[in-house]
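**Student:** Take a look at the following structure, please.
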Amino acid sequence: CMHCLNTAILCDMITHVMNVRVDERLLTVQSAIVHDIGKLKTPNEILFSREDTEAVRLKIYQDQLAGMDILEESISGGKHIRRICTQAAKIGTDAENGRQALEQKISIPARILIVANKYDEMTAMDLQGKSQSEVKAIQVFREHPEIYDQAVVNALVQSVNILFPGVSVELNTGDKALVLAENPQDVLRPTVL
């Protein structure tokens with residue numbers, strides 16, 4: 003699954019910037035690689051349905067949880083990976099269903115997985131050939147600190163170059179501009195020409 007691989011790479015980059023302990027870093031990356039294993043049980047007509055209802059999301063979430071049983075039994079560190087994946091899946095599903103609360107007891111690896119997973123979901127092309135911009139993803143993360151840990155979001159921003167010098171952007175006014183310099187205080191407000 004390309005999504006799982008992308009998510010794992012993002013998790014590795016974020017954990018590096020956050021200076022996460024090596025053992026937690028490995029668990030985070032392993033969790034990202036297998037976090038969607040339960041979706042293998044989900045029928046394609048549900049998984050790729052254009053219908054986005056709470057019932058569809060609940061079915062996918064239940065299949066994800068069922069897949070966690072396999073992880074605990076077959077992977078070294080499976081108990082920890084299961085906990086990370088389960089926490090991330092619950093927060094993601096709750097957020098999609100309008101219940102938005104990032105609880106204090108959510109582990110750092112799960113917080114990282116939540117951000118990396120959503121970033122790849124938003125910025126990767128879907129089956130209809132659509133994706134959202136990296137800037138839009140960061141805006142969503144900034145607008146919802148109750149879901150997305152802002153320390154993790156900051157590490158993501160440091161990991162991926164979004165608005166670097168030389169890139170062309172479209173301003174809110176509809177005008178085109180060229181990024182001249184990054185803004186370390188606010189990545190979404192670079193110096194432009």
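Sequential numbering from 3 applies to the sequence shown in my numbering. All residues carry an ideal CB built from backbone N, CA and C; glycine is no exception. Treat the numbers as computed from the prediction; the structure is a model and nothing was measured.
Are there 16 or more other CB atoms within 10 angstroms of the CB of D122, so buried, or fewer, so exposed?
**Tutor:** Looking up residue 122 in the sequence shown gives position 120. With 16 or more Cβ atoms within 10 Å of its Cβ, D122 is classed as buried.
**Student:** Which value, in whole angstroms, describes the spacing of the CA atoms of I62 and L182?
**Tutor:** If you number the sequence shown from 1, residue 62 lands on position 60. If you number the sequence shown from 1, residue 182 lands on position 180. Between I62 and L182, the C-alpha separation is close to 44 Å.
**Student:** Assuming contact is defined by CB atoms lying nearer than 8 Å, are A179 and V194 in contact in what I supplied?
**Tutor:** Locating residue 179 in the sequence shown gives position 177, counting from the first residue. Locating residue 194 in the sequence shown gives position 192, counting from the first residue. Going by C-beta atoms, A179 is nearer than 8 Å to V194.
**Student:** Please return the same chain residues whose Cβ sits closer than 7 Å to the Cβ of A157, not counting the five positions on each side in sequence.
**Tutor:** Working through the sequence shown from its first residue, we reach residue 157 at position 155. These residues qualify, in order along the chain: I16, V19 and M20.
**Student:** Exposed or buried, what is D151 when buried is set at 16 or more other beta-carbons lying within 10 Å of its beta-carbon?
**Tutor:** As a first step, residue 151 must be located in the sequence shown, where it is residue number 149. Classification for D151: buried.
**Student:** Let me know if P167 comes out buried or exposed under the rule of 16 or more other beta-carbons within 10 Å of its beta-carbon.
**Tutor:** If you number the sequence shown from 1, residue 167 lands on position 165. Exposed, since its Cβ has fewer than 16 Cβ neighbours within 10 Å.
**Student:** Nearest to A90 by CA position, among M70, E75, D54 and N46, is which residue?
**Tutor:** On the sequence shown, position 88 is the one that residue 90 refers to. A90 has its Cα closest to that of M70, out of M70, E75, D54 and N46.
**Student:** What residue from S51, T55 and K92 has the CA that sits closest to A68's CA?
**Tutor:** On the sequence shown, residue 68 is found 66 positions in, with the first residue counted as 1. Of S51, T55 and K92, the residue nearest in Cα terms is K92.
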